[in-house]
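Below you'll find the structure, written out as structure tokens, and then a few comments.
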Amino acid sequence: MEEIVVSKEELILMFEEERIIDSGSGWIMNDNEVEIIALHDVDPKFLQDITNAKFYKIIVKGKK
6 MEEIVVSKEE
16 LILMFEEERI
26 IDSGSGWIMN
36 DNEVEIIALH
46 DVDPKFLQDI
56 TNAKFYKIIV
66 KGKK
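For the sequence shown, the numbering used here begins at 6 and goes up steadily by one.
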């Protein structure tokens, strides 16, 4: 699976439709553990709330 960028609304829908599942120890998508990274338009990024991003990047965990 390649990394994908989705909007906040798309990410919420993916959880609602169980395309991404919270296993309790991580997020699972297509039988792979994934990371969800908030993408912010403003700096400094470390001061931004993860839930307020407009877009999110989903990548397979451990894959660079």
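For glycine and all other residues, C-beta sits at the position ideal for the given N, C-alpha and C.
In the DSSP output, what is Ala58 paired with across the bridge? Partner(s): none; Ala58 has no beta bridge.
Skipping 5 residues on each side, what residues in its chain have a beta carbon closer than 8 Å to that of Lys66? For Lys66, where only same-chain residues beyond five positions count, the Cβ hits under 8 Å are Gly31, Asn37, Glu38, Val39 and Glu40.
Enclosing beta strand (DSSP E) for Ile41 [first to last residue]: For Ile41, the enclosing beta strand (DSSP E) starts and ends at Asn37 to Leu44.
Can Ile17 and Ile26 be called in contact, C-beta distance under 8 Å? No. Outside cutoff.
Rounded to the nearest angstrom, what separates Lys62 and Glu15 at their Cα positions? A direct Cα-Cα distance of roughly 11 Å separates Lys62 from Glu15.
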